[in-house]
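Everything below concerns the one structure shown next.
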Amino acid sequence: MISAFESYHYDKEIGLGVYDIHSPRVPMKEEIIQNISRALRVLDPKQFWVNPDCGLKTRKEEETIAALKVMVEAAKEVRQQLAAIV
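Under my numbering, read the sequence shown as residues 114 to 199, first letter to last.
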């Protein structure tokens, strides 16, 4: 999905999924950071929202909470990195 924005300038805000919710596996923080970083190579940080890939109703509560915690930690780390650059 991100590659679609490489050749097209998108000036609106967008939330792209940073992990696959269809897998019961809880993603590693590094995976999510990599996906966020990939999006930020194409999109301005001010227009990018970090989201899970899709709705979460197909996942069990425990795995959903665990994955969302990892996603939040990854987003915090990337925000800290961006703040250090600015």
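Beta carbons are placed, not taken as given, at the ideal position from N, Cα and C, and that holds for glycine.
Beta bridge counterpart(s) of residue i as assigned by DSSP
i           : result
residue 163 : 129
Neighbourhood of residue i by C-beta, 8 Å cutoff - its chain only, sequence neighbours within 5 removed
i           : result
residue 158 : 195
Beta-carbon proximity list for residue i, same chain, < 6 Å, skipping 5 on both sides
i           : result
residue 148 : 131
residue 152 : 115, 129 and 161
residue 188 : 163
Residue i to residue j span [Cα, whole Å]
i           : j           : result
residue 144 : residue 156 : 18 Å
residue 117 : residue 125 : 14 Å
residue 136 : residue 179 : 13 Å
residue 119 : residue 165 : 21 Å
residue 139 : residue 154 : 25 Å
residue 167 : residue 142 : 18 Å
residue 133 : residue 186 : 17 Å
residue 183 : residue 172 : 15 Å
residue 127 : residue 181 : 19 Å
residue 190 : residue 121 : 28 Å
residue 123 : residue 175 : 36 Å
For residue i, the three-state DSSP class (helix, strand or coil)
i           : result
residue 116 : helix
residue 181 : helix
residue 153 : helix
residue 134 : coil
Same chain only: Cβ atoms within 7 Å of residue i, ignoring 5 sequence neighbours per side
i           : result
residue 169 : 134 and 177
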